[in-house]
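Structure, as structure tokens:
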Amino acid sequence: MESFEEDLLGKVVSTEEDAYNLYNSYATRTGFTVRRGQKRYNTKKVLRQFSYFCSKEGFRLDSDPSKVSMANKLETRTGCEARIRFAFQDDNGMWKVSHFVSKHNHELAMPEERQFLRSNRKVSEAHLDCYNVVNKEKMVMIEAVQVDQENRMTNFFWRDGRSRIDYDCFGDVVVFDTTYRTNRYNMICAPFVGVNHHWKNVLFGCAFLLDEKTDSFIWLFETFLESMGGRKPKTIFTDQCQAMANGIEKVFPGVCHRLCSWHISQNAARNLGSYYGNPEFNHMFNKCLQGYCETKLEFQSTWDDLLAKFNLTGNLWLKTLYSLCAKWCPVFSQHIFTAKTKSSQRSKSTNNVFHQMSTKTMSLTQFVHHYDKQAEKMHSRELEESFCCNQGLLSRISKSSGPLNHAATIYTRKIFKLFEKEFVDSLGVMMHEVGSDGTIHSFELNEEGHKRVYIVQLNSLNCSISCSCEMFESMGLLCRHTLTKYAKKGFEASEHGELLQTKGKASVTLRRNTLMRTTYDVLTKASETENTTRIALQKLREIAGLIEKEMIKSKGEDYFSI
1 MESFEEDLLG
11 KVVSTEEDAY
21 NLYNSYATRT
31 GFTVRRGQKR
41 YNTKKVLRQF
51 SYFCSKEGFR
61 LDSDPSKVSM
71 ANKLETRTGC
81 EARIRFAFQD
91 DNGMWKVSHF
101 VSKHNHELAM
111 PEERQFLRSN
121 RKVSEAHLDC
131 YNVVNKEKMV
141 MIEAVQVDQE
151 NRMTNFFWRD
161 GRSRIDYDCF
171 GDVVVFDTTY
181 RTNRYNMICA
191 PFVGVNHHWK
201 NVLFGCAFLL
211 DEKTDSFIWL
221 FETFLESMGG
231 RKPKTIFTDQ
241 CQAMANGIEK
251 VFPGVCHRLC
261 SWHISQNAAR
271 NLGSYYGNPE
281 FNHMFNKCLQ
291 GYCETKLEFQ
301 STWDDLLAKF
311 NLTGNLWLKT
321 LYSLCAKWCP
331 VFSQHIFTAK
341 TKSSQRSKST
351 NNVFHQMSTK
361 TMSLTQFVHH
371 YDKQAEKMHS
381 RELEESFCCN
391 QGLLSRISKS
401 SGPLNHAATI
411 YTRKIFKLFE
421 KEFVDSLGVM
431 MHEVGSDGTI
441 HSFELNEEGH
451 KRVYIVQLNS
461 LNCSISCSCE
471 MFESMGLLCR
481 HTLTKYAKKG
491 FEASEHGELL
501 QTKGKASVTL
511 RRNTLMRTTY
521 DVLTKASETE
531 NTTRIALQKL
541 REIAGLIEKE
551 MIKSKGEDYF
561 SI
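Take the sequence shown: its position 171, counted from the start at 1, is 171 in full-length UniProt numbering, and no numbers get skipped.
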């Protein structure tokens, strides 16, 4: 909710197009999108006045929720009063600004987001490329090189400054892939990939390895860990490589090591021949691999049936794969945070990018340049998606639901749709209490049309809740079973806010991400000259003082409210 210092009242232009360009240029500098408004004509049908509004002027009419085309649209209208009106001047034939309102009732786009403003998308590709190149030149690069006894490079790792910020926010789950090779040097290209809050890939860094020996992986993982401030991921996905497993065990003790299902599928096609092309075999195999078995007992039963039905009990590859089932079957890691990452999707999409690059005969310098372009594309897509999420309130199936309304304000579009599905599905869950032990109350729940029973436990003392499906533990999102219990318990709207933010670090992480990204770009620009550095330091000290005052004030309010 800001007003830009520039005042357009009284400005004069020659044509309607000049008027639009004047206001649109102002809007771009300010951070909002322009929408054409009313036109007024005299009795002779000659244009006398016209207006332009902020695109958030007015309010959207309630739509029919059954219309799918409207279901995923943001509610961007906020009733903003910002506008401009031009009136025709009879004495000189010019158009003059006769009315101008600069104040907005919503947040304006940050400088790095303004390229996504709808009325500003006519910026030339050449200008955008120039902008991207300039910004890439300013990035803080971290490089590490391992050399042999003759001082020849054997392994190489790099990341940029933004990758560290991304890792701080989204580094709980890492997918590490070594399936790409560069033709000129026959070195292994190994990217570190994560998933952001929009469920899109994000790059944490990349390495070139001369071989796939344990020592190489130990060096790389130690280098990666040091460059990320010593913070280990919670889960790491890799392909099936013993040397890599050795490196993870040494450098990342306690980290959940999972095998990528995409690589297992690729290896299955090579090792099982015609069996893998059999639809019935694929159905049973993928039921085990992709997490469609809901219990360990169901997995074991399905696996045994698969071996018996196709007479594969003695198959060595399947025996080896089964010995590692705790690393690839999702039912064995439901209690571990994996963000429900489909490693197959992450690896497949990353493979499409790096395979396209690695098939070219290029030097390491050229490869790094291509990598940077891909990282920039991913960052741009994330920035645009975040910008879209901030432009309005997500559409909900029900506007009278406290949990849905609150979730629409704190979740991204992708996460909200996942939550909304769980919320809707909770309506078909049946529940009854099976016992209590002091403050701990236990309930059995089952979904309509399904036999499996889930156990939900509620602590009435602190309102904490857990479910045997362990969706919250693995994903950080409340499942349909816990939502059923909350709904039947009749919690107030204020408590809905608490239950949605049970995993408090999620909201803190996203706020930190926004701050770090914004300050990173600002401080990178500020460091170019002594004068801009001085300005940045001065303003940072002022901000630090304001934040300290606000924190003291908040603590005081909390104290007096006890």
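We put the CB at the ideal spot given by N, CA and C, even for glycine. None of these values were measured; they are calculated from a predicted model.
Could you check whether the Cβ of residue i sits closer than 8 Å to any Cβ belonging to chain D?
i, result
"R77", "Included in the structure is just one protein chain, with no chain D present."
With C-beta atoms as the reference, is residue i less than 8 Å away from residue j?
i, j, result
"V255", "I264", "no"
"V429", "R396", "no"
"E422", "L324", "no"
"V173", "T341", "yes"
"G194", "D211", "no"
"S466", "Q334", "no"
"N24", "V34", "yes"
"L418", "L477", "yes"
"N267", "Q242", "no"
"G161", "P233", "no"
"K56", "T76", "yes"
"V97", "E81", "no"
"Y454", "S442", "no"
"S426", "A487", "yes"
"L220", "N282", "no"
"H434", "L445", "Just to set this straight, residue 434 is Val in the shown sequence, not His. No, the pair does not count as a contact, with Cβ atoms beyond the cut-off."
Just checking my contact of residue i with residue j at CB under 8 Å: how many whole Å lie between their CB atoms?
i, j, result
"T238", "C206", "No, T238 and C206 are not in contact; Cβ-Cβ is about 15 Å, not under 8 Å."
"H198", "K414", "5 Å"
Using a 10 Å radius around the Cβ and a threshold of 16 neighbouring Cβ atoms, would you call residue i buried or exposed?
i, result
"R83", "buried"
"residue 579", "Given a span of 1 to 562 for the chain in the structure shown, any question on residue 579 remains unanswerable."
"F175", "It is worth fixing the name first, because residue 175 is Val in this sequence and not Phe. By the neighbour-count rule (16 or more Cβ atoms within 10 Å), V175 is buried."
"T78", "buried"
"E382", "buried"
"W317", "exposed"
"Y52", "buried"
"V140", "With a pLDDT of 49 at V140, under the threshold of 50, the modelled position of that residue is not reliable, and the figure given next carries that caveat. The residue is exposed, with fewer than 16 neighbouring Cβ atoms inside 10 Å."
"Y41", "exposed"
"K451", "exposed"
"T15", "exposed"
"R85", "buried"
"R231", "exposed"
"F59", "exposed"
"M187", "buried"
"E420", "buried"
"Q391", "buried"
"V133", "Per-residue confidence for V133 stands at a pLDDT of 37, beneath the threshold of 50, marking its modelled position as unreliable; the derived number appears in the next sentence. Flag for V133 reads exposed."
"E6", "exposed"
"T365", "exposed"
Under a three-way DSSP split, which group does residue i fall into?
i, result
"N21", "helix"
"Y292", "coil"
"K553", "helix"
"L312", "coil"
"M110", "coil"
"F300", "One point to set straight first is that residue 300 is Gln, not Phe, in the sequence displayed. Of the three classes helix, strand and coil, the one that applies to Q300 here is helix, per DSSP."
"E125", "Any answer about E125 is weak, because its pLDDT of 41 lies below 50 and its placement is not dependable; what the coordinates show is given next. Of the three classes helix, strand and coil, the one that applies to E125 here is helix, per DSSP."
"C130", "For C130, the predicted model reports a pLDDT of 34, less than 50, meaning its position is unreliable; a value from the coordinates is still stated below. C130 falls in the helix class under three-state DSSP."
"residue 622", "Within the shown structure, residues of the chain are numbered from 1 to 562, placing residue 622 beyond reach of any answer."
"I415", "helix"
"I248", "helix"
"L324", "coil"
"D160", "strand"
"C467", "strand"
"K136", "Residue confidence is low: K136 scores 44 on pLDDT, short of 50, so the model does not pin down where it sits. No coordinate-derived value is stated."
"N186", "coil"
"N278", "coil"
"residue 564", "The structure shown does not extend to residue 564, since the chain is modelled only from 1 through 562, so no value can be given for it."
"F59", "coil"
Going by DSSP, which residues form a beta bridge with residue i?
i, result
"W95", "V13 and F88"
"P191", "C206"
"L259", "T238"
"Q146", "N155"
"Q38", "DSSP, once it has assigned bridges, lists no residue as partnering Q38."
"I440", "D437 and N459"
"H432", "E444"
"E75", "L393"
"R83", "F53 and V101"
"F176", "F192"
"residue 582", "Outside the displayed span of the chain (1 to 562) sits residue 582, for which this structure offers no information."
"N201", "V195"
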